[in-house]
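S.K.: Numbering (the numbering used here), first residue to last: 21 to 502. Note that beta-carbon positions come from the ideal geometry of N, C-alpha and C, so glycine has one too. Provided herewith is a single structure, encoded as structure tokens, for subsequent inquiry.
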Ligand SMILES: [Zn+2]
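Here's what the structure looks like:
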């Protein structure tokens, strides 16, 4: 069974994300016969985590951008808090993919394509699509699909997850994944059923309303999406294949809206900044620069501040730091305050040579926006870039007291230790990052490397030993449970 499972994990990786062999050690739980017993939340989470790790490692469209990710999690978090199950853990992540799509995976992992973020006309529309996905998760639709199967194997489950994920942008890959599944289970389940869609709409509507967004955001967007499918050239069909849309669904949405009071909800500045940032990543940097210059010259920007920020991102992509700094200084002069602007401004200053000024500015911003996690990463990165790993390490240790679950902070801490030549501490920090991402064998491996590395003092070594014993015990417990 273990071997069969390994093969399944391997083919998942191969089908999903190219044919490279699976490097990360797979550590999925055995499922056995899930029918009756049901798919536990813990198992669901582990599967989600595993797929997420694969995405981080191999999916070329995965967008490792803490600012956009932070925005999605802030917006998503606000919606989750208004959902029927606010305690359920969620994780939203961006993909740089022009297809209009968002998809929920096992365990509350929700992928959001840049194509969707750029296609919506306001923040309530984006919130509407996310609320619908959140509802699929809180109502445990994926788990319920699984439970309908008489006999469920890990292989078919993973194949289904792969199919769902692959379906996000490429129909052919999805088809291949389904064809490759050993059980026929995946075939029929590529999309959610109409009942599940209706339920996700209904719950999604309640979430949207309770979170304070314009509930009309849901129908206006879906209606536009449906209209768009009539034209040949569009990016909509993938989403519609996994979330079948029909006239009834839209009229149901509209019926619910009639009863809701009119509510005008202004978009947040971050919403516009994130859109500008994504827009500035499209095409060549010079094309992006031209796009924003034209937009500003013709006064066609929905939000001038966002267009200016987009221009600065395009300039930064070309390493035109001085110009980028100028554009951002103008924005700041007009008292436009946002963590995304502060971070890029500091980065521009450091890169054009004012290291002290840029760092001081970012440090001050971290204090002013204590919840803006991307500023924290940005400050640590700039300290490392400026050759100040001691300061970076102290800062990261301090931040980890507040955010002990943050894997990115541990990755940065590992870099800081590496720059200081502290190999044992470097691997210790890596172990924590792996542990937080659910990669127990990799975490143990890092601690074993840390044990053998030179340079650790007695206390550090005993801390490493203790942590290693703890994680090994955990591994034994999990092995027993299987
Ligand atoms: Zn749906």
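1. Going by beta carbon distance, what residues of the same chain come within less than 7 angstroms of residue 214, once the five residues before and after it are set aside?
2. Closest by CA to residue 270, which one among 333, 288, 247?
3. Of all residues in the structure, which have a C-beta closer than 6 angstroms to any heavy atom of ligand 1, taken in chain order?
4. So residue 216 and residue 156 are supposed to be a Cβ contact under 8 angstroms. How far apart are they, rounded?
5. Below 8 angstroms on the Cβ atoms is my contact criterion, and I expect residue 335 with residue 313 to pass it. Report the Cβ-Cβ distance as a whole number of Å.
6. Taking the alpha-carbon positions, what's the residue 489 to residue 471 distance?
7. Mind checking who residue 503 pairs with in its DSSP beta bridge?
8. Hey, is the stretch 381 to 398 in contact with the stretch 357 to 371, meaning 3+ C-beta pairs nearer than 8 angstroms?
9. Who are the near neighbours of residue 333 in its chain, counting only those whose CB is closer than 6 angstroms to its CB and skipping five residues on each side?
10. Closest to residue 417 by CA distance: which of 310, 407, 431 is it?
11. Nearest-angstrom Cα distance between residue 495 and residue 463?
12. Roughly how many whole angstroms lie between the Cα atoms of residue 413 and residue 428?
13. Helix, strand or coil for residue 82, going by three-state DSSP, please let me know.
14. I'd like to know whether the C-beta of residue 84 is nearer than 8 angstroms to at least one C-beta of chain C.
15. For residue 436, which residues from the same chain have a beta carbon less than 7 angstroms from its beta carbon, with the 5 sequence-adjacent residues on both sides left out?
16. Go through the stretch 292 to 361 residue by residue and report every complete run of the alpha helix (DSSP H) that reaches 4 residues or more, in order.
17. Only counting the same chain, and skipping five residues up and downstream in sequence, which positions put a Cβ closer than 7 angstroms to that of residue 319?
18. Could you check if residue 268 is buried or exposed, using at least 16 other CB atoms within 10 Å of its CB as the buried criterion?
19. Between residue 376 and residue 70, what straight-line distance do the alpha-carbon atoms span, to the nearest angstrom?
20. From residue 475 to residue 433, what distance separates their C-alpha atoms?
21. Kindly confirm or deny that the stretch 72 to 82 and the stretch 279 to 291 touch, where touching means at least three C-beta pairs closer than 8 angstroms.
22. Where does residue 283 fall in DSSP's three states?
23. If we ignore side chains and look at the alpha-carbon of each, how far apart do residue 442 and residue 371 end up?
24. Just the C-alpha distance for residue 339 and residue 277, rounded to the nearest angstrom, thanks.
25. Is residue 390 helix, strand or coil when you go by DSSP?
26. Just tell me which of 91, 445, 323, 400 has its CA closest to the CA of residue 480.
27. Three-state secondary structure (DSSP) at residue 271?
M.R.: The answer reads as follows:
1. As a working note, residue 214 is residue 194 in the chain shown. Taken in chain order, the residues that qualify are 264.
2. Position 250 of the chain shown, counting from 1, holds the residue named residue 270. Looking at the Cα atoms, 247 is the closest of the given residues.
3. 152, 156, 212, 217, 220, 263
4. Along the chain shown, one-based indexing puts residue 216 at 196. Along the chain shown, one-based indexing puts residue 156 at 136. About 7 angstroms; that satisfies the 8 angstroms criterion.
5. Within the chain shown, the letter at position 315 stands for residue 335. Within the chain shown, the letter at position 293 stands for residue 313. Not really, about 10 angstroms apart at Cβ, beyond 8 angstroms.
6. In the chain shown, the residue the question calls residue 489 occupies position 469. In the chain shown, the residue the question calls residue 471 occupies position 451. When rounded, the distance between both Cα atoms is 12 angstroms.
7. The structure shown does not extend to residue 503, since the chain is modelled only from 21 through 502, so no value can be given for it.
8. yes
9. Counted from its first residue, the chain shown places residue 333 at position 313. So the qualifying residues of the chain are 297, 300.
10. Translated into positions along the chain shown, residue 417 becomes position 397. Minimum Cα distance to residue 417 is reached at 431.
11. Residue numbering aside, residue 495 sits at position 475 when the chain shown is read from its first letter. Residue numbering aside, residue 463 sits at position 443 when the chain shown is read from its first letter. Approximately 11 angstroms, taken between the alpha carbons.
12. Residue 413 sits at position 393 when you count from the first residue of the chain shown. Residue 428 sits at position 408 when you count from the first residue of the chain shown. About 13 angstroms.
13. By one-based count along the chain shown, residue 82 stands at place 62. In the structure shown, residue 82 sits in a strand (DSSP, three-state: E or B).
14. In the structure shown, chain C does not exist; there is a single protein chain.
15. Along the chain shown, read from residue 1 onward, the residue named residue 436 stands at position 416. So the list reads 404, 409, 412, 413, 416, once near-sequence residues are dropped.
16. 305 to 317, 324 to 337, 341 to 353
17. As a position in the chain shown, residue 319 is number 299, starting the count at 1. Result list for residue 319: empty, nothing under 7 angstroms.
18. Walking along the chain shown from the start, residue 268 turns up at place 248. Its Cβ having fewer than 16 others within 10 Å, residue 268 is exposed.
19. Residue mapping note: residue 376 aligns to position 356 of the chain shown, counting from 1. Residue mapping note: residue 70 aligns to position 50 of the chain shown, counting from 1. Roughly 41 angstroms between the two C-alpha positions.
20. Taking the first residue of the chain shown as position 1, residue 475 is located at position 455. Taking the first residue of the chain shown as position 1, residue 433 is located at position 413. Cα-Cα distance, rounded: 17 angstroms.
21. no
22. Counted from its first residue, the chain shown places residue 283 at position 263. Of the three classes helix, strand and coil, the one that applies to residue 283 here is coil, per DSSP.
23. Locating residue 442 in the chain shown gives position 422, counting from the first residue. Locating residue 371 in the chain shown gives position 351, counting from the first residue. Cα to Cα, the separation comes out at about 27 angstroms.
24. In the chain shown, residue 339 corresponds to position 319, counting from 1. In the chain shown, residue 277 corresponds to position 257, counting from 1. Taking the straight line from one Cα to the other gives about 48 angstroms.
25. In the chain shown, the residue the question calls residue 390 occupies position 370. Correct three-state label for residue 390: coil.
26. As a first step, residue 480 must be located in the chain shown, where it is residue number 460. It is 445.
27. The residue you call residue 271 lines up with position 251 of the chain shown. DSSP places residue 271 in helix when its eight states are reduced to three.
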